[in-house]
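S.K.:
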Amino acid sequence: MNARAFRWGVADSETTTGAQVTRLEYASGRTPAYFQFDRYLHKHYALYSWGDGNELEEHFAGTWPHQVLHVARWIARLEHQARTREQLVP
Numbered sequence: 030m031n032a033r034a035f036r037w038g039v040a041d042s043e044t045t046t047g048a049q050v051t052r053l054e055y056a057s058g059r060t061p062a063y064f065q066f067d068r069y070l071h072k073h074y075a076l077y078s079w080g081d082g083n084e085l086e087e088h089f090a091g092t093w094p095h096q097v098l099h100v101a102r103w104i105a106r107l108e109h110q111a112r113t114r115e116q117l118v119p
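Count along the sequence shown from 1, add 29, and you get the number used in my numbering.
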């Protein structure tokens with residue numbers, strides 16, 4: 030994984046009309062992977078994708094420690110995808 034491929038952005042909230050939230054993006058393919066730090070009912074809400082058309086996951090994380098676990102899961106899958114791509118390149 031390339032640490033320079035990560036960037037911070039802002040996106041429209043999926044749960045609160047008119048609000049904007051922070052989004053961490055990883056641009057390694059045609060469509061960037063992202064982790065959106067959203068809020069729902071005044072608690073943390075995780076919305077993330079691994080990019081390149083892969084599925085989107087949404088989770089009501091609630092507390093910050095649970096939100097951090099979702100970030101770790103997202104990054105672990107990005108690392109796995111990067112290793113898999115490296116093995117496929119001759």
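Using N, Cα and C, we set each Cβ at its ideal position, and we do this for glycine too. Given the structure is predicted, the values throughout are model-derived calculations rather than measurements.
#1: Can you name, in chain order, every residue of its own chain whose Cβ lies under 6 angstroms from the Cβ of Val39, other than the five neighbours on each side?
#2: According to DSSP, is Glu86 part of a helix, a strand, or is it coil?
#3: In the DSSP assignment, what residue or residues form a beta bridge with Gly80?
#4: Determine the closest residue to Thr44 out of Tyr69, Tyr63, Arg36, with distance taken between C-alpha atoms.
#5: What three-state label does DSSP hand His99 in the structure shown?
M.R.: According to the structure shown:
#1: Gln49
#2: strand
#3: Answer is none; Gly80 lacks a bridge partner.
#4: Of Tyr69, Tyr63, Arg36, the residue nearest in Cα terms is Tyr69.
#5: helix
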